[in-house]
Amino acid sequence: RADILNGTLRLNPNDPIPDLRPESTISTEFGFDTRFFNNRLRLDFTYYKTNTSDQIFRTPAPSGSGISSKFQNGGDIQNTGVEIALGATLFNNPDFSWDLDLNFSKNQSEVLEITSGFDELVVGNADFIREYRLVKGQPFGDVYSRGFLRDDQGRVQIDANGLPLTTTGLDVLVSNYNPDWLGGIRNSLTYKNFNFSVLVDIRQGGSVTSFTEAILARDGLLDYTVAGRDGSLVFGENIFEGEAAVLEGTDTPNNLTTNSEAFWNRVGGRNAPVGEAFKRDASNIRVREMVLGYSVPDKFLENNFFTSASFSLVGRNLFFISNKAGNFDPETLSSVSTTSNATGNGEITSEGTEAFAPPTTRTIGVSLNFGF
């Protein structure tokens, strides 16, 4: 297939797509919503299952076919999960009230089918540090990268210079960016005309890979690269502590020393970083929102133009209580990009990978509300 662009014949390496079908989703959901003790105890529960099929994949074509790839329908990705919301009014009298609301959600995904002739398929751009793959029977969201070379017992192989051997391709499953579960806690208190609420968000599980750290570590610009500059690093002992490591081709535990510069040159950098070395736990607990407000008593609004008035000081995304990723906010890379890219079609391009992401914004503002 060819066309003319600016007077030049241009060949399209992709097979025409006249018979593609639209993607479809079948969803099943049930649940209940209950109230007890005059609405002082509240429980919502939802279970769901969705199957998304007829997704559009670009698959490689045989070498001699005259095309490099073709688009075809396929895939069956199943998501099952629960969503639970529990609320309670702990105190309620004319001067003081306290409401506590908890929420919890958990989703599990599985790639049931990919497309005809494929049990594994690369989706999205492979770049310097990661590659996304769909693998039949595995969860959606698996990220592959370079890793430490291991023997059949899972022990990292160490060369004669005390440095870990690494794989050459993006063929090691290093992470899955989806959380194990999400939760939230909101406390809402009122005292006379004052009100205060705070929302804490919890994310447990999921991993991300930091391309930024890979580059900065190679250049010695991160605090943890200071250790071992005197040549005292021993892999498995004082760096990547707890990793079983043996000298290459033997059962001898690693006891060779190396220095920080050599180590981070081996695993870091831009062109061939070892993603396994820069995998970070995305678990975090953050204060998502805090509000302090005051409602003007009705007696001050009598014979006034306003029927109600309230003032609030509002803060959002204020701070972390805990952030296992350390140097960045996992939320800055929490959305899947589906824009067209070098692969020629819209696919996963950024989920689960941090690459010079700007920090999230903390906002503090004032809210004024008047009723007429």
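Residue numbers 792 to 1163, in my numbering, belong to the letters of the sequence shown in order. Don't be surprised by glycine CBs; every beta carbon is placed ideally from N, CA and C.
| query | result |
| --- | --- |
| Contact set for S1051: own chain, Cβ-Cβ below 8 Å, skip 5 residues either direction | G1011, T1016, V1017, A1018, G1019, R1020, L1024 |
| For F1097 and S1113, the rounded distance between their alpha carbons | 44 Å |
| Contact check, G1084 vs S1103, beta carbons under 7 Å | yes |
| Short Cβ contact (7 Å threshold) for T816 with T843 | yes |
| Three or more C-beta pairs below 8 Å linking the region 1075 to 1092 and the region 984 to 998 | yes |
| For L881 and F827, the rounded distance between their alpha carbons | 13 Å |
| With 16 other Cβ atoms within 10 Å as the buried cut-off, status of D933 | buried |
| Run of the beta strand (DSSP E) containing R826, from where it starts to where it stops | 815 to 827 |
| Straight-line Cα distance separating G1059 from V1164 | Nothing about residue 1164 can be reported from this structure: the residues present for the chain run from 792 to 1163 only. |
| Beta-carbon contacts of F985 that lie in its chain and below 6 Å, excluding the five residues immediately before and after | Y1085 |
| Proximity winner among T981, R937, R921, K1090, relative to D886 (alpha-carbon distances) | T981 |
| For V999 and N864, the rounded distance between their alpha carbons | 29 Å |
| DSSP-derived helix/strand/coil call for E1145 | strand |
| Sequence-distant residues of its chain with Cβ nearer than 6 Å to S1126 (five each side left out) | Model confidence at S1126 stands at a pLDDT of 47, short of 50, so the residue's coordinates are unreliable; what they give is reported in the following sentence. Nothing listed; no residue qualifies. |
| Nearest-angstrom Cβ-Cβ length linking Q929 and V902, presumed shorter than 8 Å | 6 Å |
| Helix, strand or coil at Y838 [DSSP, three-state] | strand |
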